[in-house]
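Each remark here refers to the structure printed beneath this line.
In UniProt numbering, the protein residues as written are 1 to 238.
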């Protein structure tokens, strides 16, 4: 069984007038458990489409996506919803916290969506929050948190169902340099220690040092940059 995330020959077409354009063009990528991968590239290069397909939010026109050994490209909408809930954790540009829920309930909301919340679920959520430095913030509401604390809460929420795949979309977009490093370092630590397959889409060159591999998306195609961090960062700037 193929663990982690595997994307094989994925193409996504969109209609344009009487023709069509390829937002993604035969993209292939494999992310192993415990591997943290960055995807960089200019706006309009296909990164958002790529992440939506990797996260079972969008179906590819061609190609296959496998999550933790399960081929998801041909699943029904209901089955895809189950995959998103059980196998994939999302960390978005903004933390997207619910204003009227405290930190602990923010993390437990994923469990509530999939059914009842057990004592074990609550204990796991508290453990996650303590690991992420939020043990004293369990009863705090979003308006009482800093930007970094909000993103750390979002990381805990993404991990709360113990998914096999983590997808982060510009997780440092609203953070200063210090907070950005803290957040991505925490993501990297959780990916390694919990053996998750993780992809981070980012424009933030400061964060590439935490990643095992760096890919560049341009005009719908994906290519591997050098994994030497300094050289890769120079290539990103081109």
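Here a beta-carbon is modelled for each residue, glycine too, at the ideal position from N, C-alpha and C.
Can you find the residues in the same chain that come closer than 6 Å, C-beta to C-beta, to residue i, ignoring five residues on each side of it along the sequence?
i	result
residue 224	215
residue 164	68, 87
residue 26	9, 11
Near residue i, what residues of its chain come up, given a Cβ to Cβ distance below 7 Å and the 5 sequence neighbours on each side ignored?
i	result
residue 101	109
residue 274	Lying outside 1 to 238, the shown extent of the chain, residue 274 is not represented and no answer is given.
So, for residue i: in the same chain, excluding its five sequence neighbours on each side, which residues have a beta-carbon less than 8 Å away from its beta-carbon?
i	result
residue 122	104, 108
residue 250	Residue 250 falls outside the range modelled here, since the chain spans only 1 to 238, and no answer is possible.
residue 53	7, 10, 12, 24, 59, 60, 65
residue 138	102, 103, 104, 126, 129
Just the C-alpha distance for residue i and residue j, rounded to the nearest angstrom, thanks.
i	j	result
residue 79	residue 169	23 Å
residue 238	residue 55	Confidence at residue 238 is low in this model, with a pLDDT of 44, below 50, so its placement is unreliable and no value can be given for it.
residue 68	residue 4	5 Å
residue 112	residue 30	31 Å
residue 160	residue 18	45 Å
residue 28	residue 35	16 Å
residue 24	residue 156	31 Å
residue 57	residue 51	8 Å
residue 212	residue 184	13 Å
residue 98	residue 141	9 Å
residue 45	residue 130	38 Å
residue 231	residue 120	Bear in mind that the predicted position of residue 231 carries a pLDDT of just 49, short of 50, making it too unreliable to give a figure here.
residue 189	residue 85	22 Å
residue 158	residue 95	11 Å
residue 16	residue 186	41 Å
residue 20	residue 167	28 Å
residue 72	residue 133	35 Å
residue 177	residue 89	24 Å
residue 265	residue 162	Summary: the structure shown does not reach residue 265, with the chain confined to residues 1 through 238, and so no result is reported for it.
Please check the pair residue i and residue j, which I expect to be a contact at CB under 8 Å, by giving their CB distance rounded to whole angstroms.
i	j	result
residue 240	residue 40	Residue coverage of the chain in this structure runs from 1 to 238, which leaves residue 240 outside it and unanswerable.
Just to confirm the assignment, what range does the beta strand (DSSP E) spanning residue i have?
i	result
residue 267	What the structure shows of the chain is the stretch from 1 to 238, and residue 267 is not part of that stretch, so it cannot be assessed.
residue 93	Run containing residue 93: none; DSSP gives neither H nor E here.
residue 59	No beta strand (DSSP E) contains residue 59, which DSSP labels as neither H nor E.
residue 213	213-218
residue 7	5-16
residue 224	221-224
residue 40	36-40
Between which two residues does the alpha helix (DSSP H) holding residue i run?
i	result
residue 109	103-113
Requested in this report: With a floor of 4 residues, list each alpha helix (DSSP H) that falls wholly inside the region 127-208, ordered by position along the chain.
Outcome: 147-159, 177-193
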